[in-house]
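Peer 1: Sharing a structure with you now.
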Amino acid sequence: MPKIGVIYNDVKPIACQIAAELQSSLMAKGYDVYLATGYTGILGYSYPDRPVCHSPIEQIAEPEFDQDMKLAIVLGGDGTVLSACRQVAPHSIPLLTVNTGHLGFLTEIYLNQLDTAISQVLKGDYEVEVRSMIEVNVVRDKVKLWEALCLNEVVVHREPLTSMCHFEIKIGRHAPVDIAADGVIISTPTGSTAYSLSAGGPVVTPDVPVFQLAPICPHSLASRALVFSDKEPVTIYPATKNQMVMVGDGNAGCYILPDDQVQMVRSPYDARFIRLQSPEFFRILREKLGWGLPHIAKPSSVELP
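Following my numbering, the numbering of the sequence shown begins with -9 at its first residue and continues without gaps.
Pasting the structure below:
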């Protein structure tokens, strides 16, 4: 029988309830349905006295979530979607994302649209949108300490109560650049509307094959966001004596010491999202971020052209 997965946020009672109901209804339709929580996609932490803490990228998903799975339904907010992408991307499983959280920028539908959406998806009436991901590795003395897939971004920043940091950043074949800032963000086009946007970076449409480098509170007017090809590998060398922190997708990460290297490449695995209508990125920007809307309310009595 065809397999369908359900990944849900087990902290939210409504997500737990809908997951159980989906399992029953889909099994009644003849599908094998497997449940998993978003917890298995949460990244682990490492500590200065215990630096090695990582789950191999290909081994995060539950065993039943493999290349034979037709699709997976995600119940949660953006954090659950990010976690689910890490779980299923190595197996190219498309995700139907259902918002049970707050903003839900990455989600496709709301709960009140779920029944209609399921019927449409089971008929095969949908498109799959592909989003690029970053593979990040932290290396110390040629030993891999930490690895992960990130859909949004990788951030290296100073610890609380420490001073500004220096970063030496090598992009592909180009000469290294030195940036003095509170931190740096390497983001995908998907991540351009997340932390990078708050740090002053531009919005990039999801189909553009680029990475973006955005300094956080830089100590120079010349340090500005940079967009470059995602074919270029990126390595961050801490150029300061302070211990720093690396975080992936705002989730978890590890400490970065002065001799460490943070290595990033475009992952061979992509996130795949089920779209019930043709993807229209500008519509999402308008609906969820207010982009391009009139900044002054127009009186209803005025006839606009």
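Note that the Cβ used here is the ideal one computed from N, Cα and C, for glycine as well.
Can you list, in chain order, the stretches of the beta strand (DSSP E) that have 3 or more residues and sit fully within the region 209 to 288?
Peer 2: Listed in chain order, the complete beta strand (DSSP E) runs (minimum 3 residues) inside the region 209 to 288 are 216 to 219, 224 to 228, 234 to 238, 242 to 246, 251 to 256, 261 to 265.
Peer 1: Assuming the contact rule is C-beta atoms closer than 8 Å, Ile246 and Val128 should be a hit. Round their C-beta distance to whole Å, please.
Peer 2: The residue you call residue 246 lines up with position 256 of the sequence shown. The residue you call residue 128 lines up with position 138 of the sequence shown. Confirmed, Cβ separation roughly 7 Å.
Peer 1: Look at the alpha carbon of Pro295 and the alpha carbon of Glu52, and state the distance between them as a whole number of angstroms.
Peer 2: Counted from its first residue, the sequence shown places residue 295 at position 305. Counted from its first residue, the sequence shown places residue 52 at position 62. Here Pro295 scores only 47 on pLDDT, less than 50, and its place in the model is too uncertain to base an answer on.
Peer 1: Closer than 8 Å by C-beta to Phe272: which residues in its own chain qualify, once you throw out the five before and the five after it? Chain order, please.
Peer 2: As a first step, residue 272 must be located in the sequence shown, where it is residue number 282. If we look at Phe272 and ignore the five residues flanking it on each side, its Cβ neighbours are Trp281, Gly282.
Peer 1: Identify which residue in Cys140, Thr195, Ser219 has its Cα closest to the Cα of Arg302.
Peer 2: Since the first and last residues shown for the chain are -9 and 295, residue 302 lies out of range.
Peer 1: To the nearest angstrom, report how far apart Val194 and Ala9 are at their CA atoms.
Peer 2: On the sequence shown, position 204 is the one that residue 194 refers to. On the sequence shown, position 19 is the one that residue 9 refers to. Rounded to whole angstroms, Val194 to Ala9 spans 33 Å at the Cα level.
Peer 1: Taking the alpha carbon of Leu112 as the point to measure from, which residue in Lys60, Gln49, Ser153 has its own alpha carbon closest?
Peer 2: Counted from its first residue, the sequence shown places residue 112 at position 122. Taking only the C-alpha atoms, the option nearest Leu112 is Lys60.
Peer 1: Would you decide whether Ser268 is buried or exposed? Buried here means 16 or more other CB atoms lie within 10 Å of its CB.
Peer 2: Here residue 268 is taken as the residue at index 278 of the sequence shown, counted from 1. The residue is exposed, with fewer than 16 neighbouring Cβ atoms inside 10 Å.
Peer 1: Starting from Met17, follow the alpha helix (DSSP H) in both directions and report where the run begins and ends.
Peer 2: To locate residue 17, count along the sequence shown from 1; it is residue 27. Note, Met17: alpha helix (DSSP H), 3 to 18.
Peer 1: Terminal residues of the continuous alpha helix (DSSP H) containing Tyr185?
Peer 2: Start at 1 with the first residue of the sequence shown, and residue 185 comes out as number 195. Its alpha helix (DSSP H) spans residues 185 to 188.
Peer 1: Can you tell me whether DSSP reads Val292 as helix, strand or coil?
Peer 2: Along the sequence shown, one-based indexing puts residue 292 at 302. Unreliable placement is indicated for Val292, whose pLDDT of 47 sits below 50; the coordinate value is still reported in the next sentence. The answer is coil: DSSP assigns Val292 none of H, G, I, E or B.
Peer 1: Below 8 Å on the Cβ atoms is my contact criterion, and I expect Tyr(-2) with Leu101 to pass it. Report the Cβ-Cβ distance as a whole number of Å.
Peer 2: Residue numbering aside, residue -2 sits at position 8 when the sequence shown is read from its first letter. Residue numbering aside, residue 101 sits at position 111 when the sequence shown is read from its first letter. Rounded, the Cβ-Cβ distance is 12 Å, inconsistent with contact.
Peer 1: Under a three-way DSSP split, which group does Ala79 fall into?
Peer 2: Taking the sequence shown and counting its residues from 1, the one referred to as residue 79 is at position 89. The answer is helix: DSSP assigns Ala79 an H, G or I state.
Peer 1: Going by other Cβ atoms of all chains shown within 10 Å of its Cβ, with 16 needed for buried, is Val258 buried or exposed?
Peer 2: For this step, residue 258 is matched to residue 268 along the sequence shown. The amino acid at residue 258 is misidentified as Val; the sequence shows Pro. Exposed, because fewer than 16 other Cβ atoms sit within 10 Å of the Cβ of Pro258.
Peer 1: I need the straight-line Cα distance from Thr152 to Ile206, nearest angstrom please.
Peer 2: Walking along the sequence shown from the start, residue 152 turns up at place 162. Walking along the sequence shown from the start, residue 206 turns up at place 216. Cα to Cα, Thr152 sits roughly 15 Å from Ile206.
Peer 1: By a C-beta neighbour count over all protein chains shown, 10 Å radius and 16 as the cutoff for buried, is Gly301 buried or exposed?
Peer 2: Lying outside -9 to 295, the shown extent of the chain, residue 301 is not represented and no answer is given.
Peer 1: Under three-state DSSP, which class holds Tyr29?
Peer 2: One-based indexing of the sequence shown puts residue 29 at position 39. In this structure, Tyr29 counts as helix in the three-state DSSP scheme.
Peer 1: Check each candidate in Val133, Lys19, Gly240, Asp250 and name the one with the smallest Cα separation from Gln233.
Peer 2: Position 243 of the sequence shown, counting from 1, holds the residue named residue 233. When only C-alpha atoms are compared, the closest one is Asp250.
Peer 1: Would Ser213 and Ala171 be called neighbours here (beta carbons separated by less than 8 Å)?
Peer 2: If you number the sequence shown from 1, residue 213 lands on position 223. If you number the sequence shown from 1, residue 171 lands on position 181. Contact: yes.
Peer 1: For Val292 and Phe157, what's the separation of their Cα atoms in angstroms?
Peer 2: Taking the first residue of the sequence shown as 1, we reach residue 292 at position 302. Taking the first residue of the sequence shown as 1, we reach residue 157 at position 167. Since pLDDT at Val292 reaches only 47, below the 50 mark, its modelled position is unreliable, and no value is offered.
Peer 1: What does DSSP give as the partner residue(s) for Arg148 in the beta ladder?
Peer 2: Within the sequence shown, the letter at position 158 stands for residue 148. Partner(s): Met234.
Peer 1: Apart from the five residues just before and just after Ala79, which ones in its own chain have a Cβ nearer than 7 Å to its Cβ?
Peer 2: Within the sequence shown, numbered from 1, the residue matching residue 79 stands at position 89. Answer for Ala79: Met123, Leu139, Tyr259, Asp260, Ala261, listed in chain order.
Peer 1: Tell me which residues share the same chain as Leu96 and place their Cβ nearer than 7 Å to its Cβ, disregarding the 5 neighbours each side in the sequence.
Peer 2: On the sequence shown, residue 96 is found 106 positions in, with the first residue counted as 1. Closer than 7 Å at the Cβ level, and outside the excluded window around Leu96, lie Asp68, Val71, Thr87.
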